[in-house]
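Here is the structure we will look at.
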Amino acid sequence: MSTIASGWLTALFLYDVAEAIDLSTVNNLIGPTTASRVGPRPPVPAYIQYARPPITIDAHAAQLAPTADWQVRFKVFDYGVVSVALTRPLPASWDDLVAEGLRWDADPELPIQAESLCRHLLERLRPALSRPRTDLLSGDYLVFAITRLTDVTTADALLATHGVTIAQLLRGEREPLSAQERDDVLRQRLSYLTSDLVVPTWNAAFVYDTETGASSALEIIEFANSQLLEFRYYDARLDAELAQIYDQLQQPSSLQSWFGRRFTRAARQVHSLFIDVNELTDKTENALKFAGDVYAARLFTLVASRLGLEQWKANVREKLKTVDDIYRFTAEQTAMARGELLELMIVLILILELVLFFAGIMT
């Protein structure tokens with residue numbers, strides 16, 4: 003039976019830290035950094051490019067001490083996300099891999115250490131942050147990557163011999179899964195060559211590939227998780243803003259209603275929210291293009307579907323539509339209120355003229 007000759011686990015912890023991050027300022031604050039680039043999978047020209055490549059920062063470059071037994075690196079995205087990646091080698095035994103995977107998945111200290119590292123980095127990056135967050139929305143994901151086995155094997159052979167273990171590892175269960183659950187986990191997988199494999203789930207992924215291929219898969223998985231985090235933030239923000247706007251519109255009528263000011267204020271607030279969130283979502287969705295690389299595009303689509311990314315995007319789009327409908331309603335209410343006010347002023351002027359006429363002041 004083959005054993006693991008080389009491989010690594012990367013625990014990703016992603017944080018929404020600001021509305022935007024000026025990457026050129028980050029370079030000036032940190033010093034030499036690396037702009038990320040996804041390597042093409044097939045040996046053909048590929049057009050995989052970031053609109054604004056995120057910046058990769060080693061913990062030593064940021065003058066932050068690595069966590070015990072973990073290598074630490076950061077990735078800074080211009081749309082306000084910082085990813086903290088903690089990496090360590092995999093054990094040689096498959097049984098040990100499952101045991102260690104369970105331990106790492108349940109380790110309560112890892113999230114605390116990752117957030118502490120992120121906040122220390124943010125202190126260095128503060129001048130580059132636009133509208134920084136106080137409370138950090140976070141997400142996490144585990145990537146188990148095997149880059150070499152003692153016996154060279156195909157993806158199909160690997161699934162035949164270790165499929166039960168891989169499914170158990172990804173589900174984080176101590177006992178072997180049922181055949182139905184195992185098949186459900188392994189059904190959503192992707193291979194380009196006979197010797198590579200990616201099996202993503204909603205909280206973890208298994209990768210069997212060369213070192214370069216595994217690193218490229220990690221980059222795509224990390225990017226998909228950064229998008230998920232952003233759309234979770236937009237969804238929560240829209241929920242909070244809509245609740246506030248509903249309360250404002252349901253307030254009892256007051257003198258301001260006669261002048262349309264209540265609806266004018268709400269219309270401005272809604273319109274500003276619509277433009278702000280729409281601009282940010284467009285920026286996030288267009289951050290990375292997969293043109294000319296079918297494998298990378300398929301891998302991103304598969305990972306995104308397992309994360310439920312499209313559902314979060316649909317939620318945000320639906321709420322943006324609601325925001326747009328509210329804006330149209332408040333604009334109409336403002337116009338009606340001002341029209342009623344104008345009619346009232348005309349009636350008052352006519353009454354005043356009649357009063358003055360009968361009083362003999364006007365002839």
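Taken in order, the sequence shown gives residues 3 to 365; the numbers are from the numbering used here.
Ideal placement from N, C-alpha and C gives every residue a C-beta, glycine not left out.
All values derive from a computational prediction rather than experimental measurement.
Assigned secondary structure, residue i (DSSP; H/G/I helix, E/B strand, else coil)
| i | result |
| --- | --- |
| Gln73 | strand |
| Asp97 | helix |
| Asp198 | coil |
| Phe208 | strand |
| Thr5 | coil |
| Leu92 | coil |
| Leu127 | helix |
| Ala20 | strand |
| Asp109 | coil |
| Thr136 | strand |
| Met347 | helix |
| Phe79 | coil |
| Val318 | helix |
| Phe223 | One detail in the question is off: residue 223 reads as Ile in this sequence, not Phe. Ile223: helix per DSSP, three-state reduction. |
| Leu179 | coil |
| Asp142 | strand |
| Val154 | coil |
| Ser26 | helix |
| Asp60 | strand |
| Thr12 | strand |
| Thr163 | helix |
| Ile353 | helix |
| Ala361 | coil |
| Ser193 | coil |
| Thr283 | helix |
Straight-line Cα distance separating residue j from residue i
| i | j | result |
| --- | --- | --- |
| Leu322 | Ala20 | 21 Å |
| Ile328 | Asp284 | 21 Å |
| Glu312 | Ala306 | 7 Å |
| Lys291 | Met347 | 58 Å |
| Ala2 | Leu309 | Absent from the model: residue 2. The displayed extent of the chain is 3 to 365, so no value can be given. |
| Trp106 | Leu112 | 8 Å |
| Glu102 | Phe225 | 26 Å |
| Ala162 | Gln229 | 33 Å |
| Cys179 | Tyr194 | One point to set straight first is that residue 179 is Leu, not Cys, in the sequence displayed. Taking the straight line from one Cα to the other gives about 27 Å. |
| Glu243 | Thr324 | 12 Å |
| Leu344 | Pro129 | 50 Å |
| Ile114 | Arg191 | 32 Å |
| Tyr143 | Pro202 | 10 Å |
| Val318 | Val100 | 37 Å |
| Pro110 | Ala70 | 15 Å |
| Phe233 | Trp96 | 36 Å |
| Glu320 | Phe302 | 23 Å |
| Asp137 | Ala238 | 13 Å |
| Glu177 | Val166 | 10 Å |
| Asp326 | Leu131 | 29 Å |
| Gly174 | Ala13 | 14 Å |
| Ala289 | Asp98 | 38 Å |
| Phe208 | Glu281 | 34 Å |
Pair within 7 Å by beta-carbon distance, residue i and residue j
| i | j | result |
| --- | --- | --- |
| Thr58 | Lys77 | yes |
| Leu11 | Leu104 | no |
| Val145 | Ile23 | no |
| Val279 | Leu127 | no |
| Val86 | Ala116 | yes |
| Ser4 | Thr152 | yes |
| Tyr235 | Leu139 | yes |
| Ile6 | Ala94 | yes |
| Gly141 | Leu231 | yes |
With 16 other Cβ atoms within 10 Å as the buried cut-off, status of residue i
| i | result |
| --- | --- |
| Pro44 | With a pLDDT of only 46 at Pro44, under 50, the local geometry of the prediction cannot be trusted, and no value is derived from it. |
| Gln170 | buried |
| Asn30 | exposed |
| Arg133 | exposed |
| Gln246 | exposed |
| Trp204 | exposed |
| His164 | buried |
| Pro56 | buried |
| Leu350 | exposed |
| Leu220 | buried |
| Ser26 | exposed |
| Val189 | The identity of residue 189 in the sequence shown is Arg, whereas the question assumes Val. Exposed, since its Cβ has fewer than 16 Cβ neighbours within 10 Å. |
| Val357 | exposed |
| Ile353 | exposed |
| Ala32 | Reading off the sequence shown, one finds Ile at residue 32, where the question assumed Ala. Ile32 is buried by the Cβ-count criterion. |
Inter-stretch contact (C-beta, 8 Å, three-pair minimum) for the region 8-20 and the region 73-90: yes
Any 3 or more C-beta pairs closer than 8 Å across the region 183-196 and the region 117-126: no
Stretch-stretch touch, CB-based, cutoff 8 Å, three pairs: the region 145-163 with the region 123-135: no
Cβ contact check for the region 208-215 and the region 295-303: 3 or more pairs under 8 Å: no
Cβ pair count under 8 Å reaching 3, the region 155-165 against the region 193-206: yes
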